[in-house]
Amino acid sequence: MAEASILDIPETDPFDAARQAAEQIAEKTGVAHHDIALTLGSGWGKAADLIGETVATVPATEIVGFRKPALDGHVGTLRSIALPNGKHALVIGARTHFYEGHGVRHVVHSVRAAAAAGASVMVLTNGAGGIKPHWTPGTPVLIGDHINLTASSPLEGATFVDLTDLYSARLRDLARTVEPGLDEGVYVQFRGPHYETPAEVQYAKTIGGHIVGMSTALEAIAARQAGMEVLGLSLITNLAAGISPTPLSHAEVIGAGRAAEPVISALLAQIVGRL
Ligand code: 8IG
Numbered sequence: 011m012a013e014a015s016i017l018d019i020p021e022t023d024p025f026d027a028a029r030q031a032a033e034q035i036a037e038k039t040g041v042a043h044h045d046i047a048l049t050l051g052s053g054w055g056k057a058a059d060l061i062g063e064t065v066a067t068v069p070a071t072e073i074v075g076f077r078k079p080a081l082d083g084h085v086g087t088l089r090s091i092a093l094p095n096g097k098h099a100l101v102i103g104a105r106t107h108f109y110e111g112h113g114v115r116h117v118v119h120s121v122r123a124a125a126a127a128g129a130s131v132m133v134l135t136n137g138a139g140g141i142k143p144h145w146t147p148g149t150p151v152l153i154g155d156h157i158n159l160t161a162s163s164p165l166e167g168a169t170f171v172d173l174t175d176l177y178s179a180r181l182r183d184l185a186r187t188v189e190p191g192l193d194e195g196v197y198v199q200f201r202g203p204h205y206e207t208p209a210e211v212q213y214a215k216t217i218g219g220h221i222v223g224m225s226t227a228l229e230a231i232a233a234r235q236a237g238m239e240v241l242g243l244s245l246i247t248n249l250a251a252g253i254s255p256t257p258l259s260h261a262e263v264i265g266a267g268r269a270a271e272p273v274i275s276a277l278l279a280q281i282v283g284r285l
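Counting from 11, one number per residue, gives the positions in the sequence shown under our numbering.
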């Protein structure tokens, strides 16, 4: 049985918990203010080693509201990295997925903690399925917009947040100054953890989607609520179900991520250098 967390307590204000987490992050990293934050999903992890000098690494479980990672043997960490341009980046290596069933507060806690730690830019990366057949596994794609099919929201109560330009056009343009050929698509978040049926992928395509995933839309909404500018990047690790004639395999997804990792991590590091 998983341990309860402060975020499970109904009376808890999730923003209070995020502020407490930010204080602990400042204390444990020795860095009072982080300028940007990055969540590194499947395939993107190596970027942390390339963007600058790691000042401190903190096990996420030492910070209020963060959970033990779902996969055994993985230690989720928060890393404070000094960038060559003098800014400080907080790298979140501990993502809680909606499909884990701990509730959406847990899903977005790291984003809120990053905002409370000072970050004004949130870089969200993921591994995802591609609906465009020419996106071969290993292709990085900018997220231009999203469709949230989780039937959930990180916002509680009558909190109306504008999501026009949720995925900052300015930051997408900036990413293209590094890699002019970067393609762009609409990210469709499903709950998972099962992959889609081919019919669901056709549905996602029909409603305007190009990328299918299980993580980023809810986090992006919370980032926007917190006033951050969002840059979203998907690594296409597989063609979505039914787009390719072969069934999806988790091992192949992981393999494609590993193979692409050096290239896309270098790309991300260059982008971060210009943020
Ligand atoms: I990696 O094909 C990865 N994550 N929903 N569908 C969804 N999430 C994914 C997929 C996919 N591949």
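We put the CB at the ideal spot given by N, CA and C, even for glycine.
Exercise for the section: Report the rounded CA-to-CA distance for residue 130 versus residue 237, giving the unit in angstroms. Expected result: Against the sequence shown, residue 130 aligns to sequence position 120. Against the sequence shown, residue 237 aligns to sequence position 227. If I take the Cα positions, the gap works out to 7 Å.
Handout entry: Beta carbon of residue 165 nearer than 8 Å to that of residue 91
Key = Taking the sequence shown and counting its residues from 1, one reaches residue 165 at position 155. Taking the sequence shown and counting its residues from 1, one reaches residue 91 at position 81. Taking C-beta atoms as the reference points, residue 165 and residue 91 fail to come closer than 8 Å.
Exercise for the section: Give the secondary structure of residue 41 by DSSP, where H, G and I count as helix, E and B as strand, and everything else as coil. Expected result: Here residue 41 refers to the residue found at position 31 when the sequence shown is read from its first residue. Here residue 41 sits in coil by DSSP.
Handout entry: Those runs of the beta strand (DSSP E) which lie wholly inside the segment 42–71 and span at least 3 residues
Key = Entirely contained in the segment 42–71, the beta strand (DSSP E) runs reaching 3 residues are, in chain order, 46–49 and 63–69.
Exercise for the section: For the beta strand (DSSP E) containing residue 208, list its first residue and its last residue. Expected result: Taking the sequence shown and counting its residues from 1, the one referred to as residue 208 is at position 198. Where residue 208 is concerned, there is no enclosing beta strand (DSSP E), although the alpha helix (DSSP H) it sits in stretches over 208–216.
Problem - Simplified DSSP state of residue 98, which is helix, strand or coil - result: For this step, residue 98 is matched to residue 88 along the sequence shown. Reduced to three states, the DSSP call for residue 98 is strand.
Exercise for the section: Note down the Cα distance separating residue 11 from residue 49, rounded to an integer number of angstroms. Expected result: The count along the sequence shown starts at 1 and reaches residue 11 at position 1. The count along the sequence shown starts at 1 and reaches residue 49 at position 39. Low confidence applies here, because residue 11 scores a pLDDT of 49, under 50, leaving its location unreliable; read the following figure in that light. One C-alpha to the other measures close to 26 Å.
Practice task
Under 6 Å Cβ to Cβ from residue 30, same chain only, skipping five residues before and after it: list those, please.
Solution key: Start at 1 with the first residue of the sequence shown, and residue 30 comes out as number 20. The beta carbon of residue 30 sits closer than 6 Å to those of 74, all from its chain and outside the five residues before and after it, given in chain order.
Practice task
Report yes if the CB atom of residue 182 is closer than 8 Å to the CB atom of residue 134, and no otherwise.
Solution key: Taking the first residue of the sequence shown as position 1, residue 182 is located at position 172. Taking the first residue of the sequence shown as position 1, residue 134 is located at position 124. No, Cβ-Cβ distance for residue 182 and residue 134 is not below 8 Å.
Practice task
State the DSSP-derived secondary structure class of residue 184, mapped to helix, strand or coil.
Solution key: Counting from one through the sequence shown, the residue named residue 184 turns up at place 174. Looking at residue 184 - three-state DSSP - the assignment turns out to be helix.
Problem - Nearest to residue 177 (by Cα), restricted to the options 63, 167, 155 and 169 - result: Position 167 of the sequence shown, counting from 1, holds the residue named residue 177. Answer by Cα proximity: 155.
Exercise for the section: Would you check whether the ligand 8IG has a heavy atom nearer than 7 Å to the C-beta of residue 238? Expected result: Indexing the sequence shown from 1 puts residue 238 at position 228. False, no ligand heavy atom lies under 7 Å from that Cβ.
Handout entry: Near the ligand 8IG: residue 4 beta-carbon under 7 Å from a heavy atom
Key = Outside the shown range of the chain, which is 11 to 285, sits residue 4, and nothing can be said about it.
Practice task
Give a single yes or no on whether residue 174 has its beta carbon closer than 7 Å to a heavy atom of the ligand 8IG.
Solution key: Mapped onto the sequence shown, residue 174 falls at position 164. Answer for residue 174: no, Cβ out of range of the ligand 8IG.
Problem - Contact the segment 98–109 vs the segment 17–27: 3+ CB pairs below 8 Å - result: No, the segment 98–109 is not in contact with the segment 17–27.
Exercise for the section: Could you tell me which residues DSSP pairs with residue 150 in its beta bridges? Expected result: Taking the first residue of the sequence shown as position 1, residue 150 is located at position 140. For residue 150, DSSP records a beta bridge to 245.
Problem - Helix, strand or coil at residue 89 according to DSSP, with G and I counted as helix - result: Within the sequence shown, residue 89 is the residue found at index 79, counting from 1. Note: residue 89 maps to strand in three-state DSSP.
Practice task
Taking all protein chains shown into account, decide if residue 161 is buried (16 or more other Cβ within 10 angstroms of its Cβ) or exposed.
Solution key: One-based indexing of the sequence shown puts residue 161 at position 151. Flag for residue 161 reads exposed.
Practice task
Answer with buried or exposed for residue 239, where buried requires no fewer than 16 other C-beta atoms within 10 angstroms of its C-beta.
Solution key: If you number the sequence shown from 1, residue 239 lands on position 229. With a threshold of 16 other beta carbon atoms within 10 Å, residue 239 meets it and is buried.
Practice task
Using only the heavy atoms of the ligand 8IG, determine whether one of them is closer than 7 Å to the beta carbon of residue 291.
Solution key: Outside the shown range of the chain, which is 11 to 285, sits residue 291, and nothing can be said about it.
Handout entry: Coarse secondary structure for residue 11, derived from DSSP in three states
Key = Here residue 11 refers to the residue found at position 1 when the sequence shown is read from its first residue. With a pLDDT of 49 at residue 11, under the threshold of 50, the modelled position of that residue is not reliable, and no figure is offered here.
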